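A quick write-up on the structure given underneath.
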Amino acid sequence: MSAVPLSQPGSAQPRALSQILRVVITGPVGAGKSTYIETTSEIEVVRTERQACTPATRRLKPETTVAMDFGRITLNPRMAVHLYGTPGQMRFDFMWDLLIQRAHGYVLLVAAHRPAQFETARYIHRFMSERTLSPCVIGLTHLDSPDAWPPVELLLALGFDRQTCPPVIGVNTQERRSVARSLLLLAQHMSRSRQSTKAPTQPPTNPASPPIAFSA
Numbered sequence: 000m001s002a003v004p005l006s007q008p009g010s011a012q013p014r015a016l017s018q019i020l021r022v023v024i025t026g027p028v029g030a031g032k033s034t035y036i037e038t039t040s041e042i043e044v045v046r047t048e049r050q051a052c053t054p055a056t057r058r059l060k061p062e063t064t065v066a067m068d069f070g071r072i073t074l075n076p077r078m079a080v081h082l083y084g085t086p087g088q089m090r091f092d093f094m095w096d097l098l099i100q101r102a103h104g105y106v107l108l109v110a111a112h113r114p115a116q117f118e119t120a121r122y123i124h125r126f127m128s129e130r131t132l133s134p135c136v137i138g139l140t141h142l143d144s145p146d147a148w149p150p151v152e153l154l155l156a157l158g159f160d161r162q163t164c165p166p167v168i169g170v171n172t173q174e175r176r177s178v179a180r181s182l183l184l185l186a187q188h189m190s191r192s193r194q195s196t197k198a199p200t201q202p203p204t205n206p207a208s209p210p211i212a213f214s215a
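Going left to right, the sequence shown walks through residues 0 to 215 as numbering that gives the first Met the number 0 numbers them.
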């Protein structure tokens with residue numbers, strides 16, 4: 000799978016953008032949302048982090064997002080992707096609601112080595128899917144951890160089966176190419192979703208397992 004052709008910081012914009020894709024990056028605290036955006040954004044990321052106020056959150060990270068993170072990627076001179084990172088704590092779910100309303104798609108990041116957060120991730124996906132029909136991709140982070148759950152077992156823990164599972168990809172949020180591959184997968188899923196509204200639904204080509212693609 001080829002990487003999204005991301006522009007480099009400081010790239011010139013010779014013409015006004017004609018299309019902006021809004022992508023929400025969501026997931027529990029510490030799943031890698033801020034790092035995901037920071038790794039790939041061509042502008043300095045707008046962050047709204049404050050000191051974590053609960054012991055459980057502080058154990059994961061000293062600061063946590065309280066409103067949103069914002070970054071941008073230019074795909075070509077006429078199109079850009081705006082990335083909106085949500086807070087991970089459920090007490091900020093009003094921001095989830097605000098951000099998902101106008102999103103064209105979203106990436107749900109789940110830390111594969113933190114089973115205590117799987118229920119939160121499941122709740123976030125349900126929250127989003129109740130408010131938007133926009134396509135979703137599941138990004139599994141920390142797959143290299145010795146405590147990481149096998150992807151298929153993790154997806155079952157999230158409540159997915161082969162009929163309901165969105166596309167899934169392993170993501171190293173510190174690697175630009177890995178993040179780009181997850182965005183490309185989302186773009187492909189968005190394209191298929193648009194096409195499916197114009198054609199009869201086809202049975203899955205591989206009903207034996209959920210669609211999982213691992214980044215290198």
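Quick reminder that beta carbons are idealized off the backbone N, C-alpha and C, glycines included. As the structure is a prediction and not an experimental result, all values here were calculated from the model.
Please classify residue i as buried or exposed, where buried requires at least 16 other C-beta atoms within 10 Å of its C-beta.
| i | result |
| --- | --- |
| P218 | Residue 218 cannot be examined here, being either before or after the span of the chain that is shown, 0 to 215. |
| T38 | buried |
| R113 | buried |
| P145 | exposed |
| I36 | buried |
| P149 | exposed |
| A111 | buried |
| T85 | buried |
| T73 | buried |
| I99 | buried |
| S195 | exposed |
| R71 | buried |
| Q116 | buried |
| H94 | Note that residue 94 is Met in the sequence shown here, rather than His. So M94 counts as buried. |
| T163 | exposed |
| I42 | exposed |
| L97 | exposed |
| L153 | buried |
Since residue i sits in a beta bridge, which residues does DSSP pair it with?
| i | result |
| --- | --- |
| R21 | H81 |
| V136 | V106 |
Closest to residue i by C-alpha separation, out of the options, would be which residue?
| i | options | result |
| --- | --- | --- |
| E118 | A102, I19, G26, Q18 | G26 |
| T172 | A156, Q100, P149, L108 | L108 |
| A179 | I123, W95, D96, V106 | V106 |
| D68 | L82, L142, R77, I123 | L82 |
| I24 | S192, L139, A147, S195 | L139 |
| G169 | Q162, L183, L74 | L183 |
| R130 | A102, I137, E152, L157 | A102 |
| S190 | G104, V44, L98 | G104 |
| P76 | R90, Q18, Q88, M89 | Q18 |
| A79 | Q187, R161, L20 | L20 |
| V22 | Q116, M127, E43 | M127 |
| E174 | R125, F159, H141, D96 | H141 |
| G221 | R125, P134, D143 | Here the chain has residues from 0 to 215 only, and residue 221 is not among them. |
| V136 | V45, S192, R46 | S192 |
| F91 | V28, L153, L132, D143 | V28 |
Specify the secondary structure class of residue i as computed by DSSP and reduced to three states.
| i | result |
| --- | --- |
| I42 | coil |
| F69 | strand |
| H188 | helix |
| A30 | coil |
| H124 | helix |
| T131 | coil |
| S144 | coil |
| S195 | helix |
| F213 | A caution first: F213 carries a pLDDT of 46, below 50, which makes its placement in the model unreliable, though a value can still be read off. Reduced to three states, the DSSP call for F213 is strand. |
Alpha helix (DSSP H) runs wholly inside the segment 75-117, at least 4 long, in chain order: If we require 4 residues or more, the alpha helix (DSSP H) runs fully inside the segment 75-117 come out as 92-99.
In chain order, each beta strand (DSSP E) run of at least 3 residues that lies wholly inside the segment 149-181: Counting whole runs of 3 or more residues, the segment 149-181 contains the beta strand (DSSP E) stretches 167-169.
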